[in-house]
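For the sequence shown, the numbering used here assigns the number 154 to the initial residue and increments by one for each residue that follows.
Ideal Cβ placement from N, Cα and C applies to all residues, glycine included.
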Amino acid sequence: MRTLVIETATAACSVALIADGRVTANRHEVVGRGHAERLIAMIAELPEGGRAEQILVDCGPGSFTGIRVGIAAARGLALGWGVPVSGYSSLALLAAAAFGTDDPDGRDLPDLAVVLEGGHGEVFMQGFAAPLRATAPFVSLRPEAALDALSATTAMVGNGVRFLAAIAPDRTYREMLPDAASATLLPSRFATLPAVPIYGRAPDAKPTATPAVAAGLPA
């Protein structure tokens, strides 16, 4: 079964076709805020226009806009192709990539924390250990609070580590962005989330109250 993987949760935009546990084609670009302009074109560049028997999409946390773009594309293609769509967490994907790159069996790696850039001066963070499993719940914290929550030996990966490195430069950090091709390293139990956004914190935009509600009257 061929799987199309869509990754848009951070400044990186990537897509991959996976079959029999290996990447058969992929595209990866750092686009900043250009996901909406590049994603469909990148999928179209894949063999057979990226057509697959199932779709896997990053649900976040990460960029509000990027997450929405990726999920909307995944749902639209799934509907058009008549195939199932499921999701995964950007945090788990980065943890799988970090463990898989350094030591596929996780024998020599310490526990690590995945740290992604959040909003309003916070970072999204979750702890993992190998074989891949979460060791702490997902949280959104100020960088200093994130450091306080970790042991001094915990390695940190992600695009939010620069905020922690500015406070404690002597710790172990690695800048990483998610890549759809890393989905081959993701255990299947981490790839069954519903294709809905994991924002990590409430959106900044607030619903506008109707005149009746604003006046204290029944809606």
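Which of helix, strand or coil DSSP assigns to residue i
i: E275; result: coil
i: I171; result: strand
i: E297; result: helix
i: G191; result: The residue you asked about is not Gly; residue 191 is Arg in the sequence shown. Note: R191 maps to helix in three-state DSSP.
i: V314; result: helix
i: L346; result: strand
i: E198; result: coil
i: G353; result: coil
i: G185; result: coil
i: F291; result: coil
i: A283; result: coil
Cβ shell of residue i (< 6 angstroms), same chain only, five flanking positions each side left out
i: T325; result: A308
i: L303; result: A266
i: A245; result: F343
Residues of its chain near residue i, where Cβ-Cβ distance is below 7 angstroms and the 5 sequence neighbours each way are ignored
i: G219; result: T161, A162, T163 and H188
i: G215; result: A162, T163, S243 and L269
i: P350; result: C212, G213, I220, R221 and I224
i: A299; result: V268, V276, M278 and L317
i: W234; result: R204
i: L247; result: V267, V310, G311, M329 and P331
i: A231; result: I208, P237 and V238
Limits of the beta strand (DSSP E) - the one that residue i falls within
i: V268; result: L265 to E270
i: L157; result: R155 to E160
i: D323; result: Run containing D323: none; DSSP gives neither H nor E here.
i: D211; result: Q207 to D211
i: S239; result: V238 to Y241
Residue range of the unbroken alpha helix (DSSP H) whose run includes residue i
i: G219; result: F217 to W234
CB-CB length for residue i against residue j, believed under 8 angstroms
i: Q207; j: V168; result: Actually they do not touch by this definition, with Cβ atoms about 14 angstroms apart.
i: A227; j: L338; result: Not quite, the Cβ-Cβ distance comes to about 20 angstroms (not below 8 angstroms), so this is no contact.
i: A334; j: V183; result: Not confirmed; about 14 angstroms, so no contact.
i: G240; j: A348; result: 5 angstroms
i: C166; j: L192; result: 6 angstroms
i: I171; j: A336; result: 6 angstroms
Residue i CB to nearest heavy atom of the ligand ATP below 7 angstroms
i: P237; result: Of the ligands one can find in the structure shown there are none, so the ligand ATP has no counterpart to examine.
is_contact[residue i, chain D] using C-beta, thresh 8 angstroms
i: A283; result: Going by chain labels, chain D is absent from the structure shown, which holds only one protein chain.
- Task: Assess, as a yes-or-no matter, whether the stretch 312 to 323 is touched by the stretch 278 to 296 under the definition of 3 or more beta carbon pairs within less than 8 angstroms.
- Result: With three or more CB-CB distances shorter than 8 angstroms, the stretch 278 to 296 counts as touching the stretch 312 to 323.
- Task: Decide if the stretch 283 to 300 is in contact with the stretch 327 to 334; the criterion is three or more beta carbon pairs, one per stretch, under 8 angstroms apart.
- Result: The stretch 283 to 300 is not in contact with the stretch 327 to 334.
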